Amino acid sequence: MSPPRTATTDEPPRFEFAPTSAVKAARSHNRFVACPACQADTPAYLFHRAGVRFVRCAGCGAVYVNPARERPLNYFDVERTRRFSNPRDRALMAADFERLLEHLAADHQRITGEPLVRAVLLGHYLKEFATGPVARRIGLSIAEIDDASFERLSIASDIAWAMPLLANAPQIVILHELLEACSAPGTILGTLVASLPPSTLFVVTYTNADSLPARLMRRYWSTFFDHKAAFLSTGNLTAVLARYGLVLKTSSRCR
Ligand SMILES: [Zn+2]
5 MSPPRTATTD EPPRFEFAPT SAVKAARSHN RFVACPACQA DTPAYLFHRA
55 GVRFVRCAGC GAVYVNPARE RPLNYFDVER TRRFSNPRDR ALMAADFERL
105 LEHLAADHQR ITGEPLVRAV LLGHYLKEFA TGPVARRIGL SIAEIDDASF
155 ERLSIASDIA WAMPLLANAP QIVILHELLE ACSAPGTILG TLVASLPPST
205 LFVVTYTNAD SLPARLMRRY WSTFFDHKAA FLSTGNLTAV LARYGLVLKT
255 SSRCR
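Residues in the sequence shown are numbered from 5 upward in steps of one, following the working numbering.
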């Protein structure tokens, strides 16, 4: 056993602290944002996770990240964010999406009386979403997105990456879990509405914060926010869409 050390100088002791990764993350987030749904600035603190602060809007109940992330994770490209350990899971995801497309084609025919032959997907995707028989029939194009474009979308509501596909006057634009990626989804909707023919229908898929599973699974909310910037309800989305002249034609629940 070594003898206890004794101070050899009269200098006062010094303490140095290194911030944890959570503290570093918290300090790097200083871009405070308004409610993504109603634009009010009345956030009530909910919880922290790994340096990211989550709030609920006192005005409309939307839950969102505030301050917003400076380096949001590009979760649209499923290939990169989810490793499929079983190929069957991947095939099931593609089959689920085909069923959604079949449903949308029928809705489009019923609402407009026209067959659907030009559709665009913005948001969450696997490449094979565009290669199934229904996807081919409805002329589905996917706006694949790189990290830099995703960052511009999430932080600055910039949809330049999608513009080449929008120029083809799509009959429907599917916003597949896209609005939850953004601090200002209304700005994105405004740009889309201004860039597309008035006849274009929007399909908005989202995780509904008001759904029974979402309310029962509240303890898992923080992992949901590892990727997304907001957790919205049907009421929140309907209000945002209405601000840009979009009215609800039909709605349904997915698994
Ligand atoms: Zn709000």
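C-beta: ideal position from N, C-alpha, C; glycine also. Only a predicted model underlies this, so the values are computations on that prediction, with no experimental measurement involved.
Close-in-space but distant-in-sequence residues of the same chain around residue i (CB under 6 Å, 5 per side omitted)
i: residue 79; result: 85 and 231
i: residue 126; result: 147, 166, 179 and 182
Alpha helix (DSSP H) segment containing residue i, residue limits
i: residue 92; result: 91-116
i: residue 119; result: From DSSP, residue 119 is part of no alpha helix (DSSP H); its letter is neither H nor E.
i: residue 251; result: Note, residue 251: premise wrong, no alpha helix (DSSP H); not H, not E.
i: residue 190; result: 189-199
Inter-residue Cα distance where the pair is residue i and residue j
i: residue 165; j: residue 245; result: 22 Å
i: residue 14; j: residue 54; result: 40 Å
i: residue 211; j: residue 141; result: 27 Å
i: residue 131; j: residue 20; result: 50 Å
i: residue 123; j: residue 175; result: 6 Å
i: residue 81; j: residue 154; result: 10 Å
i: residue 156; j: residue 180; result: 18 Å
i: residue 113; j: residue 119; result: 5 Å
i: residue 235; j: residue 94; result: 25 Å
i: residue 161; j: residue 189; result: 7 Å
i: residue 100; j: residue 143; result: 18 Å
i: residue 91; j: residue 97; result: 10 Å
i: residue 102; j: residue 88; result: 19 Å
Collapsed DSSP secondary structure at residue i in the structure displayed
i: residue 22; result: coil
i: residue 145; result: strand
i: residue 169; result: helix
i: residue 82; result: helix
i: residue 154; result: helix
i: residue 206; result: strand
i: residue 37; result: coil
i: residue 47; result: strand
i: residue 242; result: helix
i: residue 75; result: coil
i: residue 133; result: helix
i: residue 139; result: helix
i: residue 126; result: strand
i: residue 257; result: coil
i: residue 53; result: strand
Own chain, CB closer than 7 Å to residue i, minus 5 neighbours either side, in chain order
i: residue 50; result: 58, 59, 60 and 67
i: residue 38; result: 44 and 45
i: residue 137; result: none
i: residue 111; result: 254
i: residue 213; result: 67, 235, 236 and 237
Sequence-distant residues of its chain with Cβ nearer than 8 Å to residue i (five each side left out)
i: residue 233; result: 40, 68, 69, 72, 73, 76, 158, 184, 185, 186 and 187
i: residue 250; result: 193, 197 and 206
Distance cut-off 8 Å: residue i Cβ against heavy atoms of ligand 1
i: residue 90; result: no
i: residue 240; result: yes
i: residue 65; result: yes
i: residue 233; result: no
i: residue 61; result: yes
i: residue 186; result: no
i: residue 41; result: yes
i: residue 173; result: no
i: residue 1; result: The chain is shown from 5 up to 259; residue 1 falls before or after that span and cannot be answered.
Delimiting residues of the beta strand (DSSP E) encompassing residue i
i: residue 178; result: 176-180
i: residue 57; result: 56-61
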